[in-house]
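Residue numbers (the UniProt record's numbering): 1 to 324.
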């Protein structure tokens with residue numbers, strides 16, 4: 001039986017941690033390792049978790065709670081959990097979300113039958129106590145999935161709703177970076193998908209909460225944007241060093257436009273984007289789009305060019321004789 005490590009960072013989730021943890025402890029699958037990382041949460045989250053463990057004595061011995069001595073951010077918390085894990089596959093579960101009770105059983109079963117590196121499942125958004133419609137994983141080739149990921153805003157960067165083979169992570173040193181606490185999943189997933197092989201299951205294996213206003217995704221501050229720019233820069237570095245055939249840089253350049261669009265909408269100085277990315281796109285059209293944004297052309301107008309170009313690119317990579 002495969003051992004699955006569930007990795008959960010904890011910070012400021014006393015309102016949600018009980019519901020999350022119950023869904024983890026009530027999994028139908030037996031061979032699970034639970035690793036919670038207390039990132040110096042200022043509330044009662046850890047106390048609630050510890051009290052809950054008394055109701056699940058059969059799970060308590062499978063649980064580790066690791067305490068940071070200071071608040072280091074979600075990137076560091078994920079890395080702490082990753083390095084502590086001993087399972088065959090890793091499952092990332094955010095502490096305000098939930099799992100259906102058969103999630104691990106389904107994902108582990110598919111891992112056994114397929115021997116794939118990444119088992120990708122469907123999910124449902126969770127809002128005010130109700131589950132939304134099923135969102136199935138993209139059924140495309142591994143190469144196209146990675147290109148769509150780094151184009152950005154086509155598929156989600158999500159870590160959750162999947163399991164990842166730990167041996168591949170350790171072999172290629174696919175780690176999180178302290179200080180990158182927003183879009184940390186973009187760079188991390190891109191690295192894993194570059195090396196790994198994926199299979200899908202269409203069942204919902206995750207409930208993603210959308211009504212937590214304190215989550216990172218609801219607080220796109222300048223600090224979070226700078227973290228996102230840093231993650232994008234790491235993405236560029238990775239492909240320049242490892243993508244010898246340059247399959248993915250064009251897609252990454254399309255994604256770079258997104259950094260400038262977000263900066264314009266958030267009124268973040270473009271100089272900060274330039275400094276963080278430190279990259280001149282090779283595509284003349286991408287350079288033109290960025291120039292238009294910097295000149296103050298309304299983003300809605302720039303989008304007419306940008307989205308048309310992105311759409312054309314996605315059609316080209318879908319063609320049988322597609323070139324990258």
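Cβ atoms here follow ideal geometry from the backbone N, Cα and C, with glycine treated the same way. Nothing here was measured: the structure is a model prediction, and the numbers come from that model.
For the 9 Å CB-CB criterion, residue 94 and residue 20 form a contact. Closest in alpha carbon position to residue 44, among 57, 35, 13, is 13. For residue 109, the three-state secondary structure derived from DSSP is helix. In the DSSP annotation of this structure, residue 131 is not part of any alpha helix (DSSP H); the continuous beta strand (DSSP E) holding it starts and ends at 130 to 135.
Counting of Cβ neighbours within 10 angstroms places residue 104 among the buried residues, the total reaching 16 or more. Secondary structure of residue 188 (DSSP, three-state): helix.
Between residue 92 and residue 64, the C-beta gap is not smaller than 9 Å, which leaves the two residues out of contact. Here DSSP, grouped into helix, strand and coil, assigns residue 86 to coil. Residue 57: member of the alpha helix (DSSP H) spanning 57 to 60, first to last residue. Our two residues, residue 124 and residue 208, have alpha carbons roughly 6 Å apart in a direct line.
Spatial neighbours of residue 79 in its own chain (CB-CB distance under 8 Å, excluding positions within 5 residues in sequence) are listed in chain order as 175, 176, 177, 178. Per DSSP, the unbroken alpha helix (DSSP H) holding residue 276 starts and ends at 270 to 277. Annotated three-state conformation of residue 264 is helix, per DSSP. Note that the C-beta distance between residue 235 and residue 187 is below 9 Å. Counting only the Cα atoms, residue 261 lies some 7 Å from residue 299. Close CB contacts of residue 281 within its chain, under the 8 Å cut and outside five residues either way in sequence, are with 253, 256, 287, 290 (chain order). When the beta-carbon positions are compared, residue 279 and residue 311 stay at least 9 Å from each other.
Of the candidates 128, 249, 120, 126, the residue whose Cα lies closest to the Cα of residue 139 is 120. Looking at the DSSP output, residue 220 bridges to nothing. Judged by DSSP secondary structure, residue 47 falls within the alpha helix (DSSP H) whose first and last residues are 45 to 53. With respect to the 9 Å criterion, residue 293 and residue 264 are classified as neighbours on the basis of their beta carbons.
Only exposed fits residue 141, as fewer than 16 other CB atoms lie within 10 angstroms of its CB. A distance below 8 Å between beta-carbons, with the five flanking residues on each side excluded, links residue 193 to the following residues of its chain, in chain order: 118, 142, 145, 146, 149. The three-state secondary structure of residue 104, taken from DSSP, is helix. Contact annotation, residue 134 with residue 27: C-beta distance approximately 20 Å; criterion of less than 8 Å not satisfied. Looking at the DSSP output, residue 198 shares a beta bridge with 118.
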